[in-house]
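Heads up, the sequence shown is in the numbering used here, so the first residue is 715 and it goes up one at a time. Ideal placement from N, C-alpha and C gives every residue a C-beta, glycine not left out. Owing to the predicted nature of the structure, the values given are computational and were not obtained by experimental measurement.
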Amino acid sequence: MPYASTDKYSSINTRTNNSVEIDFDESTLPLNEKYKNLYEKYLTAKNAIEENTRDNFTLDDYITKEQINMSYKTNLSNVPLNWMLDFEEFDDSLQDEKWLGNYGTPDPDSTVSSVPCGGCGALLHCKDHAIPGYLPSELFLKRSERKLRLMICQRCHFMKYYNAMLEVKVSPDEFAELLKVIKTKKCAVILMVDLTDFPCSIWPEIKSVLHPYTMVFVVGNKIDLLPQDSPEFFTHVKDCLLKTVENTGINKNFIKYVGLVSAKTGYGIEQLINKLHALWKYKGDVYVIGCTNVGKSSLFNVLLQSDYCKVQAADLIQRATISPWPGTTLNLLKFPILNPQRWRLYLRRMRLQQEQKELQTEEQTRVEQFKRTSKLKYVTLQSRIGKTFISKSKLQQSNDPFAIEKYSKNMQKLGFDETKDEYKYSRWCYDTPGTIQPDQVLDLLTTVELLSVLPKKIIAPRTFILYPDQSIFLAGIGRLDYLKGNYFIRCTIFASNELPITITLSADADEIYNELLNTEAFVVPENNPDRLKYWPALGSKEMEVIGIGKNMSVADVVISSAGWMAISGEHGDHVSLRAWSPQGRGLHLRTPALLRKSVALRGDRISNVPTYKTGRAAYKK
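Take a look at the structure:
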């Protein structure tokens, strides 16, 4: 497996006073609290049997001990490519042949089991490798509950048997100290932002860790989830994103690029690579930074398999190489950047031009299908990510696809020596640790709740009418009260379609909320007495807007991690609102509205209810 030697840096103090004691590792966070008591009983019994002389300790004690003992200096080179053979249940007929097969093949359409991982307590599933509790579909599908109870998730398996971790999460306090290293280096920064959760997914103190002259590439990810509402869609979204980033204090003159991408579908990635080649060239290293769940690691992995990664290394790195973060024990993923020499850029440009006609034809076909069927999947933004250059070793392998023995021997020699000439003077692209910001509520949710809250496909806007003294609930994770106004308002909700909507009188809202928490109506949080013990109360924040017309949303009420509600009212009408979220986290009034014209695409109003039919969910010429 690959291994990158330790980088040498000038020393800098990046330690925090309480770095050992902070509970930050997402792999040990008690996401499924309903299993906490059971797991503590297990630990107590285990301690009594194995170490009678030692005092019993709780799950929290166990977590703290594991954080202290865990060494992040190890790397994924300890994990063999055939690690799934450790399990008797391995089914290779389901395995994906892509390079991501090293992590196993996810199945987004599968269901989450009711079986907790014996290591971390997260419910086992095979939907997404980035969510706690993940097992590849080769191990998860067609397994009985009895067999699943004998298994642990992929992350825990790597930790237990190979002393390796797939991903590192750090606390907000340590996050600042870690990124200060960037301030001492000549480098560029790719600032990742989740377009479905901003400004909450932007670290407000980002300016403090950047040198005043650091070149910043702002990348809005998950553009594929936003429904296009007008011909000005892309320009307006970029303007809103740029305004939010500027509010953090970053000098606009050094924001060299604002791009909209989807690391999932490939949209906008080739354009981002073009800008990196043209503006940053080969001047220094590049750091990908962002909060948890912005898609930072997905972008990093996509770049690893693109023209941005050095060709020789792309063959050798089955998964991104790990190197130590200076001044800490944390490890970073990295790969060597391809030197954008003129002849390489020329060949790349020729490839992109050849592919352009095919892409235009495919796009036109999808638009026609959308006009006929109104299905949003046909207007989901997507694109190809090609490779201009192929190494000699890969060509040799393609010429002899049956040379299994030779291929297996080569696989044992994966990795590369950075001291060699082709790597010795390389520039590197680094993935940095993610963090849960105080505005985000992701750390309050269980695995099942996360899968309901995070949208998986393009968001379908839902429009409702709200009168003064009425309240609208977004599942049990968000609430909006219409306090004062002269007319009704239209409230267009952008959130996962798995989150239900409830409308009631504001005077009854508290009582109804408490009643529905004990039913299945809200979906989030889960209806379970043990789960609800740890569900925090909702906190509120008052806001005010002035309407600009009922067919144009004036502002968005952002409810952290859950989505947002676009507000439209009569021109000149003063509207007073009160927004609610768990602990009052991440409540923002975003102006102007991100998708301000979506309300005009609504369908007809349904008789006797404050709901509109789904109309043109997305604009297309």
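If we count the other Cβ atoms within 10 Å of its Cβ and call it buried at 16 or more, is residue i buried or exposed?
i               : result
tryptophan 1057 : exposed
histidine 1288  : exposed
leucine 1315    : buried
histidine 871   : buried
serine 1282     : buried
serine 1323     : This sequence places valine at residue 1323; serine is not what is there. With fewer than 16 other Cβ atoms within 10 Å, it is exposed.
glutamate 984   : buried
histidine 1371  : Absent from the structure is residue 1371, since the part of the chain shown begins at 715 and ends at 1335.
arginine 1204   : buried
glutamate 1256  : exposed
glycine 1317    : exposed
serine 1321     : exposed
arginine 1299   : buried
leucine 940     : buried
aspartate 823   : exposed
threonine 928   : buried
tyrosine 1227   : buried
isoleucine 987  : buried
glutamate 1240  : buried
isoleucine 896  : buried
proline 926     : exposed
lysine 1134     : exposed
lysine 1337     : The question about residue 1337 has no answer here: the residues shown for the chain are numbered 715 through 1335.
How close, in whole Å, do the beta carbons of residue i and residue j come, if the pair is a contact with beta carbons under 8 Å?
i                  : j               : result
tyrosine 1333      : serine 944      : 5 Å
alanine 1251       : isoleucine 1273 : Actually they do not touch by this definition, with Cβ atoms about 15 Å apart.
valine 829         : leucine 862     : 4 Å
lysine 921         : glycine 963     : 4 Å
serine 1295        : isoleucine 1191 : 7 Å
alanine 1223       : arginine 1193   : 7 Å
isoleucine 916     : valine 959      : 7 Å
aspartate 1183     : tyrosine 1201   : The pair is not a contact, with the Cβ atoms about 13 Å apart (cut-off 8 Å).
glutamate 1258     : serine 1210     : So it is not a contact: roughly 28 Å between Cβ atoms.
glutamate 1136     : glutamine 1026  : 6 Å
phenylalanine 1084 : leucine 1047    : Rounded, the Cβ-Cβ distance is 37 Å, inconsistent with contact.
leucine 1090       : lysine 1170     : Not quite, the Cβ-Cβ distance comes to about 12 Å (not below 8 Å), so this is no contact.
leucine 1073       : tyrosine 1022   : Not really, about 19 Å apart at Cβ, beyond 8 Å.
alanine 1269       : proline 1306    : 7 Å
CB residue i to CB residue j, shorter than 9 Å?
i                  : j               : result
valine 1016        : leucine 955     : no
aspartate 842      : glutamine 1096  : no
proline 1214       : serine 1312     : no
valine 933         : leucine 974     : yes
leucine 849        : methionine 873  : no
leucine 1308       : alanine 1276    : no
lysine 936         : lysine 978      : yes
lysine 1024        : serine 858      : no
serine 1254        : leucine 1301    : yes
arginine 869       : glycine 980     : no
serine 1185        : isoleucine 1207 : no
aspartate 1153     : asparagine 1007 : no
proline 913        : arginine 1304   : yes
leucine 1158       : tryptophan 1278 : no
valine 930         : leucine 905     : yes
glutamate 852      : alanine 890     : no
histidine 839      : threonine 1160  : no
phenylalanine 1103 : leucine 1052    : yes
glutamine 1019     : lysine 1101     : yes
valine 1093        : glutamine 1297  : no
alanine 836        : glycine 847     : yes
Using a threshold of 8 Å, is the CB atom of residue i nearer than that to any non-hydrogen atom of the ligand COA?
i             : result
cysteine 1023 : This structure simply doesn't include the ligand COA, nor any ligand for that matter.
Under 8 Å, with one C-beta from each stretch per pair, do the region 1050–1068 and the region 945–963 reach the 3-pair mark? no
For the region 929–1010, list the beta strand (DSSP E) runs that are entirely contained and at least 3 residues long, ordered along the chain. 929–935, 969–974, 999–1003
If you pair each beta-carbon of the region 1157–1176 with each one of the region 1257–1268, do three or more pairs fall below 8 Å? no
I want to know whether the region 899–915 touches the region 984–1003 - three or more CB-CB distances under 8 Å. yes
Just checking, does the region 999–1014 make contact with the region 1143–1150 on the three C-beta pairs under 8 Å criterion? yes
Completely contained alpha helix (DSSP H) runs for the region 1205–1237, where each covers 4 or more residues: 1220–1230
Determine, using beta-carbon pairs with one atom in the region 1178–1192 and one in the region 1226–1240, whether at least three such pairs fall under 8 Å. yes
Along the chain, which unbroken stretches of the alpha helix (DSSP H) at least 4 residues long are found entirely within the region 1167–1193? none
Which full runs of the alpha helix (DSSP H) of 4+ residues lie inside the region 1281–1318, going along the chain? none
Enumerated in chain order, which unbroken segments of the alpha helix (DSSP H) with a length of 4 residues or greater are wholly contained in the region 1048–1102? 1056–1087
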